[in-house]
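Residues are numbered in the numbering used here as their position in the sequence shown, beginning at 1, plus a constant of 276.
The structure under discussion appears below in the form of structure tokens.
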Amino acid sequence: MKANNMNVKKLKILSYGCQMNMAESERMAGALAAIGCMPEADGIENADVILINTCCVRETAEEKIYGKIGELKAYKQQNPSLIIGVIGCMAQKEGQNIIRRAPHVDFVLGTNKITELAAAVESASEHRRRHFVDTDLTAGGMGDATPLRESKTAAWIPIMQGCDNFCTYCIVPYVRGREKSRPAAEILAEINAAQAAGFAEVTLLGQNVNSYGKNLPQENITDFADLIAAADRTGIGRIRFMTSHPKDLSDKLILTMAKSEHVCRHLHLPVQHAANGILRKMNRGYTKEHYRELVQKIRDAVPNIALTTDIIVGFPGEKDEDFAELLAFVEEIGFDSAYTFLYSKRTGTPAAAFADQVSDETKKARLQKLMDLQNKISLKLNEKFVGRRVRVLVEGASKNDPAVWTGRTSENKLVLFAHGNEQAGEFCDVKIEKAQTWVLKGVIV
Ligand code: 5AD
Ligand code: SF4
């Protein structure tokens, strides 16, 4: 099946989960474009190939995705030549179970199998290899297809795959395998290519970017700070990265951020919890005191940097006192925003077998309290922007109102403003007039 001797097929990718999945979906779209399978802008009812790129970090994600896979059965009945593939983290975890539960699925590919995707679509379209399942983590990779990026302004760039940390609640190391860094030359070439294609921003992605380079042969660039410094020298407008693990965030990186021209004033630094007993049981490798010190160093080096975090409530053994300690710490640090999650039991992870699991009712009540507190803090910190003039990278019209445009500040604050002549991908200055919990509102100056 080659692009020049087959009819163009319409591709729809449904992506769930984290930014890494979004980045990988763009690479899958690139790999399939090479065999004449082109993204379909409209609904899935027009698609010839539907891929579901899946997440399994929490049970709710899995339930939602199984629901979506179930819905696709009707499409297959209407159009028997429709190709349905399930890929990514849940595909890795569930493998053959997906075919058993949903025989209308043609193939299941794991997290390391983007290289196999084109062949899987090809053989499904020729009715060879029905119900093909490949979740071998040891061979494969991202492939070298040029990604078909969704955003016209900001490019996701994976710099490493997998995770070696084994936080006791987390399924990621099991479904994505061990940490593997991409060679720096490849990453820098991709940043340069993105810049040449008109992207003003790149986000370097990895489960734990601070341990970048650990398993690479010794070259000029041996760690994440060096990589960031080299990225800064490319001259691309803005550089973001995620996710940083507090145990591996080095003084050298902090210094590099402070000296850089293009690295954004934003750090996503998941704390997960604040009670040392819980952090230990989570196998996070740091204490509350260490985290506090780190934040101080970062704020000293990069004044006014925005800090965001991830927090899990209801981890096994979390007592009222532990939760109170978490609330107090959240208040003390003053995160600009926080992704807050109910602990979700993932079979096969150590924490799933821990005694004293917290009841759903308690978990939910705690989550609500935490969110109420964080919303207050987010609003208070956003209010500091009122009256200030901020540099915004324009993203385009907002989904709800085409007259209102959106952009982001260096701190990753979402800004809404009335549209003038500026185009997506350009920088402009906005005077902030109003602050809300999630957005700033202003006028172009
Ligand atoms: N339950 C709830 N949240 C989880 N996360 C990871 N595993 C779980 C789980 N089992 C959260 C962590 C991580 C984020 C991406 O998802 O906070 O940083
Ligand atoms: Fe999961 Fe911990 Fe690895 Fe993050 S660092 S992906 S939470 S195991």
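Even glycine gets a Cβ: it sits at the ideal position worked out from N, Cα and C.
Keep in mind the model is a prediction, meaning the values are calculated, not measured.
8 angstroms Cβ cutoff met for residue i and residue j
i, j, result
"LYS288", "GLY312", "no"
"GLU455", "SER487", "yes"
"CYS331", "GLY371", "no"
"ALA421", "ARG303", "yes"
"THR685", "VAL666", "yes"
"VAL634", "GLY590", "yes"
"GLY417", "ASN441", "no"
"LEU358", "ASN329", "no"
"THR429", "LEU669", "yes"
"VAL478", "ILE435", "no"
"ILE587", "THR616", "yes"
"PHE649", "GLU607", "Correcting the residue type first, residue 649 is Leu in the shown sequence and not Phe. A contact, by the Cβ cut-off of 8 angstroms."
"THR444", "LYS557", "yes"
"LYS639", "ALA628", "no"
"ILE504", "SER536", "yes"
"VAL485", "MET533", "no"
"THR585", "ALA631", "no"
"VAL409", "ILE375", "yes"
"LEU424", "PRO315", "yes"
Burial state of residue i (16 or more Cβ within 10 Å)
i, result
"ARG458", "buried"
"GLY718", "buried"
"HIS403", "exposed"
"PHE703", "exposed"
"ASP677", "exposed"
"GLY511", "exposed"
"LYS595", "exposed"
"SER526", "exposed"
"ARG636", "Per the sequence shown, residue 636 should be read as Asp rather than Arg. By the neighbour-count rule (16 or more Cβ atoms within 10 Å), ASP636 is not buried but exposed."
"GLY663", "exposed"
"GLY513", "buried"
"ASN281", "Residue placement at ASN281 is flagged as unreliable, the pLDDT there being 40, under the threshold of 50; the coordinate-derived value follows with that caveat. Flag for ASN281 reads exposed."
"LYS675", "exposed"
"ASP318", "exposed"
"ASP705", "exposed"
"PRO356", "exposed"
"ARG642", "buried"
"GLY482", "buried"
"ALA679", "exposed"
"ARG406", "exposed"
Best match in the options for proximity to residue i [C-alpha to C-alpha]
i, options, result
"ILE653", "ALA582, GLY511 and ALA394", "ALA582"
"THR563", "HIS521, ALA679 and ALA641", "HIS521"
"ARG452", "LEU692, MET366 and ALA431", "MET366"
"HIS259", "GLU687, ILE574, HIS566 and VAL721", "The chain is shown only over 277 to 721; residue 259 falls outside these bounds and no answer can be derived."
"ILE345", "ALA317, VAL333 and ALA378", "ALA378"
"GLN548", "THR519, GLY489 and VAL662", "THR519"
"GLU347", "ILE326, GLU335, VAL333 and GLY489", "ILE326"
"VAL539", "ALA550, PHE500, LYS523 and LEU555", "PHE500"
"GLY553", "LEU602, ASN491, LYS645 and ASN283", "LEU602"
"MET298", "GLN353, ALA431 and ILE320", "ALA431"
"PRO449", "LEU481, GLY610 and LYS369", "LYS369"
"GLN471", "GLY701, MET314, VAL706 and LEU716", "GLY701"
"THR623", "VAL680, HIS407 and VAL333", "VAL333"
"VAL571", "ILE609, ASP598, ALA604 and ALA551", "ILE609"
"LEU464", "TYR567, ASP508, GLU597 and LEU690", "ASP508"
"LEU492", "GLY474, GLU462 and LEU618", "GLU462"
"GLN644", "ASN559, ASN496, ALA551 and PHE599", "PHE599"
"LEU716", "ASN283, ASN688 and GLY306", "ASN688"
"GLU545", "THR336, ASP576, ASP612 and GLY489", "A small correction: the amino acid at residue 545 is Leu; Glu does not occupy that position in the sequence shown. Ranking THR336, ASP576, ASP612 and GLY489 by Cα distance to LEU545 puts ASP612 first."
"LYS352", "ASN580, GLU335, ASN373 and ALA323", "ALA323"
Supposed contact pair residue j and residue i - C-beta distance, whole angstroms, cut 8 angstroms
i, j, result
"GLY386", "THR411", "4 angstroms"
"ALA396", "GLY361", "6 angstroms"
Contact with chain B by residue i, beta-carbon distance below 8 angstroms
i, result
"ILE326", "Looking for chain B here will not work: only one protein chain is present."
* Anything with a beta carbon under 6 angstroms from a heavy atom of ligand 3 counts; list them all in chain order. => The ligand content of the structure shown is limited to ligand 1 and ligand 2, which means ligand 3 is not among them.
* Flag this pair as touching only if the region 696–711 and the region 656–665 have three or more C-beta atom pairs under 8 angstroms; answer yes or no. => yes
* Asked: At a cut of 8 angstroms, does the region 333–343 reach the region 394–401 through at least three beta carbon pairs?
  -> no
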